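Chains A and P, in that order, are what the protein sequence lines are.
Residue numbers are given in UniProt numbering: position 352 of the first sequence equals residue 352, and the series is strictly consecutive.
Residue numbers are given in UniProt numbering: position 43 of the second sequence equals residue 43, and the series is strictly consecutive.
Cβ coordinates follow ideal geometry from the N, Cα and C atoms, glycine included.
Small disclaimer: the values here were computed from a predicted structure and weren't measured.
Working notes, beginning with the structure itself.
There are 2 protein chains.
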Amino acid sequence: MTTVYVHGIGMTKFGSFEDKSLKDLLIEASIGALKDANLPKIDAVFVGNFMGGTLSNQEILGAIVANDLGLGYIPTAKLEGACASGGIALRQGVLSILSGEYENVLVVGAEKMKHASTATVTQFINTAMDQSTTEKEAGLTFPGFFGTVANRYMYETGAQKEHLAKVALKNRENAMNNPLAQFQKPTSIEEIVNARMVTDPLGLFDCSPITDGAAAVVLSSKPSNIKVRASSQSSGPTLMQDAIDLLSLPAVKISGERAYEKAGLGPEDIDVAEIHDCFSMTEILSIEELGFFPKLEGWKAVEAGETKVGGRIPVNTSGGLLSKGHPIGATGISQIYQLVRQLRGNAPNQLAKQPKIALAQNLGGTGAYSVVHILERV
Amino acid sequence: MTTVYVHGIGMTKFGSFEDKSLKDLLIEASIGALKDANLPKIDAVFVGNFMGGTLSNQEILGAIVANDLGLGYIPTAKLEGACASGGIALRQGVLSILSGEYENVLVVGAEKMKHASTATVTQFINTAMDQSTTEKEAGLTFPGFFGTVANRYMYETGAQKEHLAKVALKNRENAMNNPLAQFQKPTSIEEIVNARMVTDPLGLFDCSPITDGAAAVVLSSKPSNIKVRASSQSSGPTLMQDAIDLLSLPAVKISGERAYEKAGLGPEDIDVAEIHDCFSMTEILSIEELGFFPKLEGWKAVEAGETKVGGRIPVNTSGGLLSKGHPIGATGISQIYQLVRQLRGNAPNQLAKQPKIALAQNLGGTGAYSVVHILERV
């Protein structure tokens, strides 16, 4: 039975880079990962990207990366699954090694978004909704979806805007120690709660930003000290009207359950996690769906500081999407970047007790995709 | 060792469908393939698509197909590799079964293009070129690239426009018997040679059309009478200025060699082939690169009728991209549709001697990707 290991990681700074193209970002992160892996012969490249066609007029990113890096005439492909594009590319890398077809694979994700207007970005982010439906025509957006969810969550649980703000504050405090993060400026609960409203009850700090950036990973069937213990994926409803329960993200729950089953582990075995906090609300729902906390009690765990560095299950020690930034195709791979650094013992916000088991969860659409990877230090 | 088999095929008519969305096309082809496979439980969906984001404002096609068909919360992804998106999706389906992760996989490719203006389609097709280069800025297009190649080929070999026209005529004659093809109107060498020029020396009939359509395949590790004997892929230069030789398509050659090696076969063992004839010139180059005919002698084989139905190696019995049509993401999968029908003995232009070994080759960009699959009737 083949096992997949992580051999190298690379990541650009996340932020706004007027002078760098999508290709430049992909290449920079790839070179970082290839060097970190000691330049193995790469057998295939998988690229995670969502908006290259719409925002940069640039597809064929797989072939461009292989050509630009001089990797030879190897197989390459781009994977798209909205905001889960990076996690999906990673998973295809894992599966393709398990197939026996490749030994060493480069997985790289990137997005270039800051050059476009917010209206343009919003328009193309909405390609991650089913265009054929009335809810899209009625004007539903991603902040609108998660704002509705947040209102319902507060109604059902008694949680307040301050609990959402505590997620945003925690992730900002983590990002302050991460030089690759987009936002390092200190903030406060007061600033977060009083910030410009995006969609009630979600304010500016509750929403992940528009970001340029890239991240890369080299995977191999040859052993290293970081093993991919499980890779799993689930899809979920593409429409709000198809949700059985507004406070559930079935794709997150199922992808988590599948990952635990494959790894022979449970949520209690996870030492550190990177969770897809596209909105503060999403982090709370997802730590529930992944079994870290009981259903509808995630907000209490946040209030108690259980997801902080030093808490029971530190979540988003990188700063998360909210403050590290969210260059869509890169996000799922940048989660692996941070977790590998935690497992190696040299991460921003390194846990006092060097972790052994780490979990990454990457969401796409309004829950249309969720990908979970569990890594183990061996 | 796992082997992958084809269990079902489905395809929409190729043409212009104002009243059908990209999703409608994907679903129609998928239902055809699922029924043909006797409705197995599907474990994952791979979608091949190139322009959903730019021309239909629609991404997350994987999740949309899974949701719309009620396949459950299974893993899904979209694969992009320009005009090779379909072949790449098929290959990921094959690899994911070989990985042991899935038993039954639905692979479906589609494109909806006819609703957009030719200028818009041309603009977005050019996302399959590296945007960072001078040749793109200088105005190179895909017809421009293959027109330059054709001029050079004619200069080197003595081939004439009539030889290119014979490829277009053969494929039109094949399409006339294929009710799913876009073009069924008879034509002649005279009409083809005198047609409106697109890029010297390529006229209208030398260029594949803009098309709506979809095709789907169900793959499984359970035996059927159609085995995937080999799946291979190569990348090649993304730029004309990087071509060592204008008359070579290294990705086609290497993907062919890898496929033959995996299958333990040679070009002489192939009974029937579907080749990526995005331009008449491309078919001639590719039948050389795949070893069916010696280098620079493909045009003589065309003249001698060796690639016709009844010839030594019938190529594009479906009508090919030139006359069956070229809905980009569907093309690589529609090749499999035709070949499976040939192997089953019920194809349009069925060969008199029912073939046993069939080869499909799908190109992306100006040779940036090539995917080859070899199927066997067992």
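- The three-state reading of DSSP puts V272 of chain P in strand, counting E and B together.
- Classified as exposed, L39 of chain P has fewer than 16 neighbouring CB atoms from the shown chains inside 10 Å of its CB.
- Inside the region 298-367 of chain P, DSSP marks whole beta strand (DSSP E) runs of 3 or more residues at positions 357-364, from first to last along the chain.
- Leaving aside the five residues that flank E268 of chain P on each side, none in its chain has a CB nearer than 7 Å to its CB.
- Excluding the 5 residues flanking it on each side, G320 of chain P has same chain C-beta neighbours closer than 6 Å at N171 and D277, in chain order.
- Taking a contact as a CB-CB distance under 8 Å, the pair T317 of chain P and Q338 of chain P counts as one, their CB atoms being some 6 Å apart.
- In this structure, L180 of chain P keeps its C-beta atom at 8 Å or more from the C-beta atom of V94 of chain P.
- Pairing A368 of chain A with A33 of chain A gives a Cβ-Cβ distance that is not under 8 Å.
- Residues of chain P whose Cβ lies closer than 8 Å to the Cβ of T54 of chain A are, in chain order, G53 and T54.
- The beta-carbon of S99 of chain P is placed less than 8 Å from the nearest beta-carbon of chain A.
- Here DSSP, grouped into helix, strand and coil, assigns S30 of chain A to helix.
- Around the C-beta of Y5 of chain P, 16 or more other C-beta atoms lie within 10 Å, and the residue is accordingly described as buried.
- Inclusion of N178 of chain A and P348 of chain A in the CB contact set at 8 Å is warranted, their separation being smaller than that value.
- In the three-state scheme derived from DSSP, where H, G and I count as helix and E and B as strand, K112 of chain P is classed as coil.
- Per DSSP, E59 of chain P is not a residue of any alpha helix (DSSP H), being assigned neither H nor E.
- When A:A358, A:A301, A:L98 and A:F14 are compared, the shortest CA-CA separation from I275 of chain A is found for A:A358.
- Segment contact: the region 105-113 of chain P against the region 207-221 of chain P, three or more CB-CB distances shorter than 8 Å; contact assigned.
- Between the alpha carbons of E376 of chain P and S96 of chain A lies a distance of about 23 Å.
- In the DSSP secondary-structure assignment, Q233 of chain P is bridged to P:V371.
- The Cβ of N104 of chain P sits no closer than 8 Å to any Cβ of chain A.
- With a threshold of 16 other beta carbon atoms within 10 Å, A304 of chain P falls short and is exposed.
- The three-state secondary structure of I88 of chain P, taken from DSSP, is helix.
- Taking a C-beta distance under 8 Å as the contact criterion, F46 of chain A and P327 of chain A do not qualify as a contact pair.
- Using a Cβ distance threshold of 8 Å, I333 of chain A and A273 of chain A do not count as a contacting pair.
- Annotation: the region 147-217 of chain P contains the following complete segments of the alpha helix (DSSP H) (minimum length 4 residues), in chain order: 161-175 and 189-194.
- The beta carbon of A29 of chain P sits no closer than 8 Å to any beta carbon of chain A.
- With its beta carbon at least 8 Å from every one in chain P, A214 of chain A lies outside the interface.
- For F17 of chain P, the secondary structure class from DSSP, reduced to helix, strand or coil, is coil.
- Residues of chain A whose Cβ lies closer than 8 Å to the Cβ of Y153 of chain P do not exist; the shortest such Cβ separation is about 22 Å.
- Counted as a single uninterrupted DSSP element, the beta strand (DSSP E) harbouring G48 of chain P occupies residues A44 to G48.
- Taking 9 Å as the cut-off between beta carbons, the residues of the region 107-134 of chain A near chain P are Q123, F124, N126, T127, A128, M129, D130, Q131 and S132, in sequence order.
- The distance from the Cβ of L98 of chain P to that of E101 of chain A is about 7 Å, consistent with a contact at the 8 Å cut-off.
- Partner residues in the beta bridge of S220 of chain A, as assigned by DSSP, are A:Y5 and A:N104.
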